[in-house]
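To convert, note that position 340 of the sequence shown is 339 in numbering that gives the first Met the number 0; the numbers rise steadily by one, no gaps. In this text, a Cβ means the ideal position worked out from N, Cα and C, and glycines have one as well. What follows is one structure encoded as structure tokens, with my remarks underneath.
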Amino acid sequence: MNFLMFWFSQKNPSKRLFLLAIAVSIACLVPVEIAHSKEIDSSTTAVEKKSSANGLPPELASIVNQLFTPTGGIIAACAIGMVFLGMNGGGNSKNKLANAHWANGAEIAAARKKAKEQINRRERNKLSLFIVKPKLIFPPELISRPGVATPNHELPVAGQKPKLIQVSQADRTIWLPDANRGIAVLGGTGSGKTYGVIDPAIRSAIDQGFPIILYDYKYAEQSSRIAGVAAAAGYQVSIFAPSFPESGICNPLDFIRDAADVDMARQVAIVLNRNFKSGGKGSEDPFFTNSGDQLIQAVLLLAKTTPYPDIIFCAKALGANNLPARVQNANLPTWVETSFGQLISMADSEKTVASVISTASILFSRFMSPDILSVFCGKTTIPLQLKGKQLLIIGMKREKQDVVAPLLATVLHMIVTRNVVSTKREDPLLVAIDELPTLYLPSLVQWLNVHREDGLSCMLGFQNLVQLEETYGKEVSRAIFGGCATKAIFNPLEPESAKIFSDYLGDEHLKYKSKSRSSGGGRTSSSTSDQERTRKLFAPEDFLKLPQGNCILISPGYSSKKEANVPRRCHIKIPKVDAERADKSKSKWEALKLKLVQQGHQVAITDGAIALRKDYFQEHFPLPAKDAPNAPKSTVPAWAEGL
């Protein structure tokens with residue numbers, strides 16, 4: 000009895016019960032087997048004859064015949080059951096203390112299969128990227144062209160073979176399926192996040208012919224590695240980089256259709272104003288913030304009614320004396336006059352009017368620099384609607400970051416909105432933003448969680464969560480991190496982020512044997528027992544010791560029937576062929592820049608051009624006669640003015 004209690008008190012009682020059943024079955028069937036063996040001996044001659052007829056040796060035929068007896072069937076069933084229990088650990092996986100584990104071969108194969116399917120389907124909301132290029136062969140009908148939406152996979156016509164993109168079986172390729180759900184690439188300086196993931200992923204989008212917007216904080220380090228690859232693939236390369244001669248022009252007022260496009264004017268005003276508010280974290284009076292937005296909207300619409308729809312005209316209009324009286328005296332279109340309604344209603348409160356006008360004027364004063372105005376005034380030359388093989392590079396001049404960053408954020412926001420909200424996309428648009436904390440994008444969380452179905456795919460690079468929180472705040476930073484389904488985590492070089500990432504991966508289940516010794520009565524005895532515990536799948540100190548080029552990859556494509564987002568440990572080694580593509584791109588960069596400079600998009604802003612806009616405003620929007628500087632003073636007493 001004591002033996003049975005000890006037996007069933009151990010781990011995996013179901014397995015022990017099964018083994019006990021096997022022993023009982025054998026004990027009960029031994030007598031039957033002995034009796035049955037006599038019959039077998041008497042029929043040996045018959046078996047030999049039958050075996051010779053079947054072509055089997057007599058010994059093997061005897062074993063086969065034995066398996067088809069009742070005893071043989073039970074023994075075979077027991078053997079299969081023991082193998083099954085051994086494979087499953089003797090119990091349900093739900094009994095484990097923790098379930099975290101690394102991706103195995105089957106889950107990696109599932110990611111590869113899904114990626115190949117998405118590469119062939121080429122749908123706007125199902126983008127697949129990769130690291131280490133496989134061999135891709137495109138049918139002529141599926142090759143992209145600049146300015147034309149990337150052709151989607153067509154259903155095969157009856158009697159014809161389907162048009163498929165041939166993707167080679169490359170074992171070194173790291174697949175990133177479902178890239179449209181957002182990619183976050185984290186890693187400290189020198190960890191390899193840009194060279195190992197961001198650049199190869201951008202090149203993979205180029206290989207598939209998808210449009211790309213690239214934000215280059217260290218312009219033109221990353222651009223020089225990418226632009227040549229894109230140009231060699233037949234891409235139309237455009238650059239918007241204030242203070243650089245190769246930059247094209249982007250006039251914010253070109254996003255506004257005409258003087259009646261109130262909604263878009265409001266959108267431009269809000270984005271401009273928010274991007275100048277210290278990363279959106281400043282605490283200001285909402286009255287003046289909203290009033291400033293309203294006045295900026297009104298001035299933008301007013302500029303659309305003139306021959307000078309640009310930032311300079313807006314700045315000169317706001318700088319004119321007694322703006323409410325000038326606007327009230329003018330014969331304005333209905334929607335422009337309505338936008339100025341709040342300013343006109345406050346005309347009697349000079350201090351309030353001055354504060355609102357000052358709020359709006361400060362914004363436009365940021366543009367008043369020859370280098371900046373040359374790329375923000377005139378006709379827009381960069382593509383606002385991106386399709387097919389088009390690459391738009393948005394470059395930052397770090398010496399002027401505080402001034403230029405809000406302007407670049409505004410341009411990026413308006414272009415993305417135009418491409419994924421205003422029109423229905425046919426192909427995916429990849430927006431790659433390395434060093435994300437240098438750019439404040441108020442709608443970034445919405446881009447990740449809503450617009451991915453509209454064809455927007457964001458790839459974001461930053462060093463760690465602490466750095467991101469300095470720009471976006473803690474809550475928004477967590478929303479950005481959670482909004483990216485694919486995460487490539489390199490060495491963050493920061494303990495707090497390492498702990499968060501370790502907790503994110505979870506714990507794994509460990510089984511081990513524990514030996515103990517006891518002595519008593521002059522005797523020493525030892526016993527062995529099974530122990531179970533948990534530990535971090537990847538501890539914080541492990542993250543902080545990751546060498547360059549090593550990362551933890553989490554992607555929804557690495558999955559099984561019961562699990563998704565199974566983490567994978569990756570040692571990324573870019574092959575020589577891919578590295579040479581980046582080197583060749585650098586060698587072509589200077590020639591590409593020279594070509595863009597020779598196109599001569601930018602026009603120098605002179606004092607005469609500024610004076611021309613000022614004179615136009617004063618001439619067409621004059622003060623009322625009674626407020627004119629040279630008007631004769633009234634002899635009517637002040638108390639009788641209103642009679």
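For residue i: DSSP bridge partner residues
i    : result
T523 : S518
V147 : R144
V430 : I212, C457
A183 : L459, K486
D541 : According to DSSP, which records beta bridges pairwise, D541 is partnered with nothing at all.
S550 : At residue 550 the sequence reads Cys, which differs from the Ser that was named. Paired residue(s): C569.
L391 : I212, S237
D506 : K535
L128 : L175
Q165 : I136
Short Cβ contact (8 Å threshold) for residue i with residue j
i    : j    : result
T379 : D257 : no
L407 : L438 : yes
L213 : A431 : yes
V147 : K399 : no
P133 : S143 : no
A226 : I392 : yes
C550 : V410 : no
S127 : A109 : no
P441 : R273 : yes
L536 : D506 : yes
K653 : P145 : Outside the shown range of the chain, which is 0 to 642, sits residue 653, and nothing can be said about it.
P623 : N328 : yes
A359 : F616 : no
G460 : E425 : no
Q130 : Q207 : The residue asked about is misnamed: residue 130 is Ile in this sequence, not Gln. Not closer than 8 Å, so no.
A681 : S364 : Nothing about residue 681 can be read from this structure; the chain reaches only from 0 to 642.
L509 : P566 : no
V352 : M345 : yes
K585 : S357 : no
L552 : A497 : no
E469 : P436 : yes
Closest by C-alpha distance to residue i, when choosing among the options
i    : options                : result
V645 : L175, P210, I212, G208 : It is not possible to answer for residue 645, since the shown part of the chain is limited to 0 through 642.
L611 : S357, D309, I118       : D309
K514 : H508, E507, S524       : S524
E579 : A183, V475, I499, Y194 : Y194
A178 : I393, N328, Y307, F209 : F209
A259 : G186, N272, A297       : A297
L545 : S526, A563, R568       : R568
P494 : S528, A538, A404, V326 : A538
I201 : S456, N289, M367       : S456
I238 : S357, A264, I211       : I211
Q341 : Q384, F286, L383, G318 : F286
N103 : V576, A563, V596, I604 : A563
Q165 : I173, I136, L141       : I136
G189 : E220, Q462, S242       : Q462
D347 : S421, A324, I361       : A324
I205 : D577, G377, F275, H600 : D577
P382 : K587, S203, G247       : G247
F620 : Q384, V326, L593       : V326
Supposed close pair residue i, residue j - CB separation, criterion 8 Å
i    : j    : result
Y216 : M458 : Not really, about 14 Å apart at Cβ, beyond 8 Å.
V419 : G454 : 6 Å
G186 : F500 : The pair is not a contact, with the Cβ atoms about 11 Å apart (cut-off 8 Å).
F339 : P251 : 19 Å between Cβ atoms; not a contact.
S290 : V236 : Actually they are not in contact, since the Cβ atoms of S290 and V236 sit about 42 Å apart, beyond 8 Å.
R532 : L163 : About 49 Å separates the two Cβ atoms, so there is no contact after all.
V267 : M413 : 7 Å
A487 : K303 : Between K303 and A487 the Cβ distance is about 44 Å, and since that is not below 8 Å, they are no contact.
S476 : L492 : That belief does not hold up - the Cβ atoms of S476 and L492 are roughly 17 Å apart, past 8 Å.
A484 : R180 : 4 Å
I371 : P241 : 5 Å
Y471 : I107 : Rounded, the Cβ-Cβ distance is 33 Å, inconsistent with contact.
I609 : S373 : 12 Å between Cβ atoms; not a contact.
V596 : E220 : Between E220 and V596 the Cβ distance is about 19 Å, and since that is not below 8 Å, they are no contact.
I255 : L301 : Incorrect: roughly 11 Å between the Cβ atoms, too far for contact.
D198 : A581 : 7 Å
F312 : P405 : Not quite, the Cβ-Cβ distance comes to about 20 Å (not below 8 Å), so this is no contact.
I173 : I573 : So it is not a contact: roughly 11 Å between Cβ atoms.
beta-carbon residue i near the ligand ZN non-hydrogen atom, thresh 7 Å
i    : result
I609 : The ligand ZN is absent from the structure shown, which contains no ligands of any kind.
Exercise. Contact between the region 438-458 and the region 220-232: three or more CB pairs below 8 Å?
Worked result: Segments in contact, no.
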